[in-house]
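Trainee:
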Ligand code: PGA
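In our numbering, the protein residues as written are 49 to 286.
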């Protein structure tokens, strides 16, 4: 299974950030990362400019609408993302779930993504309160049951404990291992499972060596290409 290292730039950057792709390519040339899939998810506005780039990095969106087209002011469909050359889309990030997105919405978006040949990265994860009360595995199981489309094509699952996102706090290695093995039992063996939440160069090697961790979804540490490349370099091969 190929490791997937994905950058979620969230609402950061400007048009000049398209050049970060060449910067990344110079730091970590293609031949040094041929066994790894690299994905960058910039703000939607900058997607088209980046998919035209010749650097061998996949480009994805941070969200999509479930409908193909229609009277949905401000929205972007999976069909449109495919049209401009995106290959992945993050759906159900906790920052969007916190703003009202439900499991049902996430499922419809993931289904639309699959239908149009995009790979959805479906995010799940518990709050600190749920973790402390011992409900984390049950919460994640329910999110998976409700947000993963039944007969989807290729999907990716990102386990992102909400309390670890942007906080510098990370679960213990054994907690990550336990959650990923739990998620593995609930998903197909070929589905890639990413860990996300305060991944940085200093902890990436340990996290990426955990069984059933098939990659990472990185926010803050992906904004700077040197640190993103350091994380990519910490992927170990058998
Ligand atoms: P972080 O964000 O790496 O800044 O914690 C991860 C994410 O939200 O996907």
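Backbone N, C-alpha and C fix where the C-beta goes; we use that ideal spot for every residue, glycine too.
(1) Can you tell me whether residue 274 is buried or exposed, with buried defined as 16 or more other CB within 10 angstroms of its CB?
(2) Is there contact between the segment 143-158 and the segment 111-127, where contact requires at least three CB pairs shorter than 8 Å?
(3) Enumerate, from N- to C-terminal direction, the unbroken beta strand (DSSP E) stretches of 3 or more residues contained entirely within the segment 171-215.
(4) Assuming residue 56 and residue 265 are in contact, meaning their beta carbons sit under 8 Å apart, how far apart are those beta carbons, in whole angstroms?
(5) How about residue 154: is its Cβ closer than 8 Å to a heavy atom in the ligand PGA?
(6) Could you pull out every residue in the same chain whose Cβ sits closer than 7 Å to the Cβ of residue 197, ignoring the five residues on either side in sequence?
(7) Does DSSP put residue 125 in a helix, a strand or coil?
(8) Is the segment 95-102 close to the segment 140-153, with three or more CB pairs under 8 Å?
(9) Looking at residue 166 and residue 135, is the spacing between their C-beta atoms short of 9 Å?
(10) Alpha carbon to alpha carbon, how far is residue 50 from residue 192?
(11) Are there any heavy atoms of the ligand PGA lying less than 8 Å away from the beta-carbon of residue 269, as far as the coordinates show?
(12) Verify the contact flag: residue 56, CB atom, against every heavy atom of the ligand PGA, threshold strictly below 8 Å.
(13) What I want to know is whether the C-beta of residue 213 ends up closer than 8 Å to one or more non-hydrogen atoms of the ligand PGA.
(14) Can you list, in chain order, the residues of its chain whose CB lies under 7 Å from that of residue 255, leaving out five sequence neighbours each side?
Mentor: On the basis of the coordinates in this document:
(1) Exposed, since its Cβ has fewer than 16 Cβ neighbours within 10 Å.
(2) yes
(3) 204-207
(4) 6 Å
(5) no
(6) Excluding positions up to five away in sequence, the list reads 155, 158, 159 and 162.
(7) strand
(8) no
(9) yes
(10) A direct Cα-Cα distance of roughly 22 Å separates residue 50 from residue 192.
(11) yes
(12) yes
(13) yes
(14) 224, 243, 247, 261 and 264
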